[in-house]
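What follows is a set of notes on a single structure, which appears directly below.
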């Protein structure tokens, strides 16, 4: 049963995944966000109660 011998297919699997991840990482690392992320201060945020017309 050649499927139980991992020598030929395991090398191909690992090299193809490493090439795929390398290509993916290089594409992701070149992306620039148009706006800088803003951290919100949660303590300043307040919620207003919702008044339902039928209540």
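Residue numbers (the numbering used here): 11 to 65.
For each residue, glycine too, the CB sits at the ideal point set by N, CA and C.
Look at residue 41 here: in three-state DSSP terms it is coil, with no helix or strand label. Taking C-alpha positions only, residue 44 is separated from residue 62 by approximately 39 Å.
In this structure, DSSP gives residue 26 a helical state, which the three-state scheme calls helix.
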